[in-house]
Amino acid sequence: MKVVYLYNKNYLGNIIISGLPGILSIILSFISIPIFLSQLTPELYANYIIQHSILTIGMILNLNLGKLAAIKLQKLKSKLQKEVIFTSIIGSIFIGIILSGFTFLIIQFFFENKNFFEISVSLFYGLSVTIFYINTEHIIKGLGHFRICSFSNFLFYSLSLSLPAFLLLIDSQNFLLLDNLFNISLTIKFFSLICLVLILIKKGNLIFTKINFKLFEDFKIHSKWMTLTSFYNQIYDYIDKYLIKIYLGSLMLVTYSVPQQIAAKLTIFSQAIIAVLLPQISKQKNNLDKRNTLSANLYLFFSMISFTLLITLPFYDEILSWWLKSSYSLSILKLFKIFILLTFIGCLSNIIVSFYEATLISKKNTKYETLTIFPFVLGLIMCVYFKNVFYFATLLFLKELILIFIRILSIKNYITNFKYLIFYIVSFTFAFILSILNLDVFSYLASLIFLIVLLIKTPYKLIINEFLMSSRFSYK
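Take the sequence shown: its position 25, counting from 1, is numbered 26 in the working numbering, and each next residue is one higher.
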């Protein structure tokens, strides 16, 4: 009997669905951040930022069990899928409780009574929920439930951070509220996790069945490389905030974090692509299909986002001044430009890393990040010595710039018009650097040249074929 496999080439809709909550997240952040700045002291807001940064350790502690399950689901029949889902859920519960407890004890041992941030049992609870959520979210994506995942991600990553700000508007003098902002956020996160689990049960994907030990075999082979990459990302993405809080103080952390938080919203669009790209490439066996899929996703993201960023570049000053009002400064503007540039480059890197993971060659990415981690740590030491937040931001930018070229070169055979993509990245970076250095006229000229080349040389046919053509069937 012939089995029919559907390769949905028209998955642009799934990317849009995955990204829509991100648009709402941007709107919420634009509203909530000024409220936090006006209603909280720098110490309270810095504490809130650090507590949520600690929860991101869950990106390491989940051990990528859910991501491996999502990749494996693409190649299994229904019965085995249920075994893999059940196994990963049970594994996530044990991992969450054990590793969260261990991490909480370490945090308590080193930071209690140091007044760097508030330490309570809520951190243990938050880490456990985060680990369980991340693994469950990957399973939901692997099953193709993008609408459900988009809604839960909006609750978990956005509303949970922003809603406390609106409660402050009601009563900012309520000490009970001020002491429980983080707990309110955790309650929303827990609710989003429950939604995902209930959906899996309702759809019959999560049932009590036998443990799939083959998943643990794949886990032993691939998880260590994915987890090591996650560990490096934790250092790259969050250790700067910890160091700034400790050595430069709460006020400087807030100045540094506000532009970083807004620039980080760019990752919403790359993550929307990755949510669909990872399972799509996982089930493709033909290298040409993988090449077309990866290239189309890279060029779609690059062309749309780079065009928008450069067109709006002259207006960043007015937008930030209007948005932050009395909290605005030229330092925030300069930091914002640096963070926009490094986040954009980081988004491209993340798309390539997802290709590594989908093709089970994440070991390659781990090697690259291992080579850069030691120079990066030395750079952090220099940043702490000079106590300058711009040095921290510049260090992050240099790290992203180096890694994007290393990663692209490693998979150049999977990228259409490889040399043009290199040119795009270099010219876009050059235009932004000129703006950061206040050489605005030269920046506008470089931007104009870049946009002309981009409009002429973008592989529109490739993008249209990948995202707008009808679904096709293949038979085995």
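Here a beta-carbon is modelled for each residue, glycine too, at the ideal position from N, C-alpha and C.
- Note on geometry: alpha-carbon atoms of residue 249 and residue 128 lie some 26 Å from one another.
- A distance below 8 Å separates the beta carbons of residue 373 and residue 404.
- Straight across, the Cα-Cα distance linking residue 407 with residue 382 is about 24 Å.
- Minimum Cα-Cα distance from residue 23 among the listed residues 343, 437, 148 corresponds to 148.
- Look at the beta carbons and you see the segment 207-218 not touching the segment 345-359: under three pairs across the two are nearer than 8 Å.
- Apart from sequence neighbours up to five positions away, the residues of its chain that approach residue 82 with a beta-carbon distance below 6 Å are 74, ordered along the chain.
- Take the alpha-carbon of residue 26 and the one of residue 329: they are about 21 Å apart.
- The alpha helix (DSSP H) runs lying completely inside the segment 8-55 and spanning 4 residues or more are 13-40, given in chain order.
- Under the criterion of beta carbons closer than 8 Å, residue 229 and residue 88 do not qualify as touching, at roughly 22 Å.
- For residue 220, the CB contacts under 7 Å within the same chain, skipping 5 residues up- and downstream, are 66, 69 in chain order.
- For residue 350, the closest alpha carbon among the candidates 316, 274, 331, 85 is that of 274.
- Excluding residues up to 5 positions away in sequence, 100, 132 lie with their Cβ nearer than 6 Å to the Cβ of residue 62 in the same chain.
- Of the other Cβ atoms in all chains shown, 16 or more fall within 10 Å of the Cβ of residue 459; this residue is therefore buried.
- Pairing residue 295 with residue 416 gives a Cβ-Cβ distance under 8 Å.
- With 16 or more neighbouring CB atoms inside 10 Å of its own CB, residue 136 falls in the buried class.
- Boundaries of the alpha helix (DSSP H) around residue 350: 331-359.
- Runs of the alpha helix (DSSP H) spanning 4 or more residues and lying entirely within the segment 119-201 occur at 122-143, 147-154, 161-171, 176-180, in chain order.
- Within the same chain, Cβ atoms closer than 6 Å to the Cβ of residue 443 are found at 435, the five residues on either side in sequence being excluded.
- For residue 315, same chain residues with a beta-carbon under 8 Å away, outside a window of 5 residues either side, are 441, 445 in chain order.
- Distance between residue 240 and residue 80, taken at the CA atoms: about 43 Å.
- Note that the C-beta distance between residue 266 and residue 254 is not below 8 Å.
- Taking 8 Å as the cut-off, the Cβ atoms of residue 245 and residue 257 count as close.
- Sixteen is the threshold: when 16 or more other Cβ atoms of the shown chains lie within 10 Å of the Cβ of residue 430, as they do, the residue is buried.
- Within the segment 355-436, the complete alpha helix (DSSP H) segments of 4 residues or longer fall at 363-387, 390-411, listed in chain order.
- Excluding sequence positions up to five before and after residue 359, its CB lies within less than 6 Å of the CB of 279, 282, 283, all in the same chain and listed in chain order.
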